[in-house]
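Working notes, structure below.
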Amino acid sequence: MPYDPVAKLPLELVISIFQWTAPTPIPFPPCDREEGRLPESDMTFPYPVILGAVSSQWRELVWSTPSLWTFFTSTEKLRRQEKDVSSRLLLHLQKSKDLPLELEINMPPYNIRKTLFSPRVDPFLLESLPRIKRLFLWAPSNTWFAFLNKLSSIVELTIILPSGGTPNNPAVALTNCRSLRRLYFCGGSDVLPSPKPPLKFITNLHFAALPIDICVEIFLQISTLNKIGMFYPAPPTKPIPNDGLGIYEPVVFDHLEILLWEIWRDAENWHDYFLGRAYTPNLRTFRLYGSTPNFTRTATGVERSFFERLPSSLNRLELSQVLKGGLHSSLFDRHFEGLEYLVVKFCDDEMVVDAIRRLISSEMTSLCMPRLKSVVVDGCMCLFSGGNVADALISALGNCLRANDMFHLEMRNLNVAWTEKMKENILEVRRRGVRLTFWGCKILD
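Structure (structure tokens):
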């Protein structure tokens, strides 16, 4: 027989290789702001079932290793390959023994009713509910809603409901889910859980495609949040509370480190109601979205006040779909003492150039410790604008960077036409002892 080096590997090492090559789950939160696009796991074959079919040795190894069966997903590609999803789910439930489970169920409700909740699977699924620590549900059937409150060990829960509404689904009950820490809820405001416990224990809360007034009211009741995300909010269902004076008690988010916020042009009152009350003394990342690619307007007085309150702990600022002359102008009226990372995504080139020049100007950098050291430009609104952005960047860097400075420039979805002058400027910057790195820049002759 030919020598098989794989067969000589220790079993522990083979198992580690299997675990390392396993498909990764859908990230949390799953929102990339492309509404209607369902994120999926990168699994394209029933793993680890296929591993067990390679050889008798692998089959014995896979079948006797519970940790290889703790992650189950039902992607569209997998559904095309297998007739009975319930058989594979049953294998995962049985082979994983008593280990915590991660389940991703992205199939239409009628398929869920036919394949998951069957007499053959039900006893094992019901018995395994307390073991589920992570659950991703797309368009779940009423059956799942009835079982959510039995997930006593759930840590991360994602529920995505169809845009057409869910008139027949009962309200989400999570009163027994005391371990729940991360919740992403998209659509279906009529089934939202109450902000009372266990939402009081949540540290990572994201809402999408929900009326902005519902999102804001829940956010303001949970001041212990570590991360807040609101994506493509729907118009409000009611006006803001009126105390007669327009003065509201502030809410201090002492633990909030990440705020992902989308400005909705039809809901500025509720937008201001949140930003006017929210104080974020320990915020580290602020991501601001424009609601549409052509969104532009000047900042309101409440927004300017919120920008001024942004703490010195802020070290990462991300702007998406924001145009020059709009909100960003007020955002950069102040100094960001700790800002190190700037990300601009699908903003117009004038806005990108203006923002970078203001952030790394000699007046700004003389006051900033640490100084801005990384810029990521991901696409621009204007075609063929990559050269303008790069040219402005190189010019600004040449004026501001000093010996032993480190600066990283990353450009995505842009073709940069490097001129001879730009190349000379780059060489001059590096000759000063500046450690300047580039990534993703496609150099064109």
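The opening residue of the sequence shown carries number 1 in full-length UniProt numbering; numbering runs sequentially from there.
All residues carry an ideal CB built from backbone N, CA and C; glycine is no exception.
- Within 10 angstroms of the beta-carbon of Asp98 lie fewer than 16 other beta-carbons, which makes it exposed.
- With respect to the 8 Å criterion, Arg182 and Phe28 are classified as neighbours on the basis of their beta carbons.
- In this structure, Pro100 and Ser153 form a Cβ contact; the two beta carbons are roughly 7 Å apart against a cut-off of 8 Å.
- Taking a C-beta distance under 8 Å as the contact criterion, Tyr273 and Ile222 do not qualify as a contact pair.
- Our two residues, Asn106 and Leu137, have alpha carbons roughly 6 Å apart in a direct line.
- No residue range can be given for Leu99, since it is assigned to no beta strand (DSSP E) and is classified by DSSP as neither H nor E.
- The DSSP-derived three-state label of Phe136 is strand.
- Assigned with DSSP and collapsed to three states, Asn142 falls in helix.
- Judged by beta-carbon spacing, Arg309 lies beyond the 8 Å limit of Leu220, meaning their Cβ atoms are not closer than that value.
- Restricting attention to Leu359, Leu401, Val344, Leu283, the CA atom closest to the CA of Gly379 is found in Val344.
- Secondary structure within the stretch 176 to 259: the beta strand (DSSP E) runs of 3 or more consecutive residues, fully enclosed, are 182 to 186, 204 to 208, 227 to 231 (chain order).
- A direct Cα-to-Cα measurement between Ala209 and Val191 gives close to 13 Å.
- Cβ-Cβ distances below 8 Å link Leu359 to Phe332, Phe336, Leu339, Leu342, Leu372 in the same chain, with the five nearest sequence neighbours on each side left out; the list follows chain order.
- With fewer than 16 other CB atoms across the displayed protein chains lying within 10 angstroms of its CB, Val252 is exposed.
- By the C-beta density criterion, Tyr248 is exposed, having fewer than 16 other C-beta atoms within 10 angstroms.
- CA-to-CA, the gap between Phe145 and Ala173 works out to about 8 Å.
- In the displayed model, Ala355 falls within a helix according to three-state DSSP.
- Between the alpha carbons of Leu135 and Ile159 lies a gap of roughly 8 Å.
- Taking every protein chain shown into account, the CB of Leu13 has fewer than 16 other CB atoms within 10 angstroms, so this residue is exposed.
- Less than 8 Å separates the beta-carbon of Leu259 from that of Ile228.
- In the DSSP annotation of this structure, the continuous segment of the beta strand (DSSP E) that includes Ser320 starts and ends at 316 to 320.
- DSSP lists Asp378 as the beta-bridge partner residues of Arg412.
- DSSP lists Met406 as the bridge partner or partners of Arg435.
- Taking C-beta separations shorter than 7 Å and ignoring five residues to either side along the sequence, the partners of Glu262 in its chain run Met230, Phe231, Tyr232, Pro233, Tyr289, Ser291, following chain order.
- With a 10 Å radius around the Cβ and a threshold of 16 neighbouring Cβ atoms, Asn204 comes out buried.
- Between the alpha carbons of Ser179 and Phe147 lies a gap of roughly 16 Å.
- Remark: C-beta atoms of His255 and Leu225 approach each other more closely than 8 Å.
- Take Phe438, set aside five residues on each side of it, and the residues of its chain with a beta-carbon closer than 6 Å to its own are Leu409, in chain order.
- Following the DSSP letters along the chain, one finds Ser56 inside the alpha helix (DSSP H) bounded by residues 56 to 63.
- Nearest Cα to Pro46 within the set Arg88, Arg59, Ile26: Arg88.
- Secondary structure of Ile15 (DSSP, three-state): helix.
- For the pair Pro236 and Tyr184, the Cα-to-Cα distance works out to about 19 Å.
- Within the model, the alpha-carbon separation for Phe307 versus Ile214 is close to 23 Å.
- In its chain, beyond the 5 residues on either side, Gly52, Lys95 have a beta carbon closer than 8 Å to the beta carbon of Trp63.
- For Gly290, the enclosing beta strand (DSSP E) covers residues 285 to 290.
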